[in-house]
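**Q**
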Amino acid sequence: MQEFDQGDGQAVQSCGIAGLADHHGARPPCGEVNKIRPVSGARARLNGERRAAHGLPRIDADTLAATVNRAGNAVDEGAVRDVLAVFGSDDRLWTEDLLSRLAEHDGRYAGWTGEALAGVLAPLGVRPVQVKINGRNRNGYRREFFTIRSRS
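Counting along the sequence shown from 1, when you hit position 35 you're at 35 in full-length UniProt numbering, and nothing is skipped either side.
#1: Less than 7 Å between the beta carbons of Arg92 and Arg127, yes or no?
#2: Going along the chain, which residues of its own chain have a beta-carbon closer than 6 Å to the beta-carbon of Tyr109, five neighbours each way excluded?
#3: For Leu98, is the classification buried or exposed, using 16 other Cβ atoms within 10 angstroms of its Cβ as the cut-off for buried?
#4: State the start and end residues of the unbroken alpha helix (DSSP H) segment that holds Val120.
#5: Could you have a look at Arg92 and say whether DSSP puts it in helix, strand or coil?
#6: Take the Cβ of Leu117 as the centre, count every other Cβ of all protein chains shown within 10 Å, and call the residue buried at 16 or more, exposed below.
#7: Taking the alpha-carbon positions, what's the Leu121 to Ala85 distance?
#8: Give me, in chain order, the residues of the same chain whose beta-carbon lies closer than 8 Å to that of Asp106; leave out the 5 immediate sequence neighbours on both sides.
#9: State the Cα-Cα distance for the pair Thr95 and Ser89, rounded to the nearest angstrom.
#10: If you follow the alpha helix (DSSP H) that Val83 is part of, which residue opens it and which one closes it?
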């Protein structure tokens with residue numbers, strides 16, 4: 001059975017993946033299907049080098065292991081002290097408010113993202129949670145999480 005591309009009427013090779021069809025019931029040609037498959041270590045390193053050359057993060061086993069080893073479980077005590085300082089009298093803050101207060105407190109936090117903040121606080125076991133302030137619920141932090149962790 002020959003299948004034709006609806007756009008130009010040319011014959012296309014069908015990938016033959018059961019259950020994969022668009023809303024008209026037609027299966028996509030092979031070029032439009034992304035197959036996930038394991039790759040060799042050499043291929044993964046080559047892909048990582050290409051990604052790095054284009055300014056993308058490397059995502060291979062070597063890079064991941066190096067990142068984990070580099071991060072370790074070290075706690076940036078200065079950053080934690082600054083987080084507690086900018087909480088002021090508030091018992092909870094949204095992540096975006098905490099980041100803006102940190103940036104005002106010290107310029108080194110100006111480019112920080114929520115992910116960067118979470119990464120610094122992760123070794124303490126402090127994770128962002130849903131915080132409700134004035135009827136609005138967003139990701140944020142509670143001051144009590146820091147005091148509980150510092151006692152243990």
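Heads up, the beta-carbon is just placed ideally off N, CA and C, and yes, glycines get one too.
**A** Taking the structure as given:
#1: No, they are not a contact pair.
#2: Take Tyr109, set aside five residues on each side of it, and the residues of its chain with a beta-carbon closer than 6 Å to its own are Leu102, Ala103, in chain order.
#3: Buried, because 16 or more other Cβ atoms sit within 10 Å of the Cβ of Leu98.
#4: Counted as a single uninterrupted DSSP element, the alpha helix (DSSP H) harbouring Val120 occupies residues 114 to 121.
#5: In the structure shown, the three-state DSSP call for Arg92 is strand.
#6: So Leu117 counts as buried.
#7: Leu121 and Ala85: Cα-Cα distance of roughly 15 Å.
#8: Result list for Asp106: Asp82, in chain order.
#9: So the two alpha carbons sit approximately 16 Å from each other.
#10: Start and end: 77 to 87.
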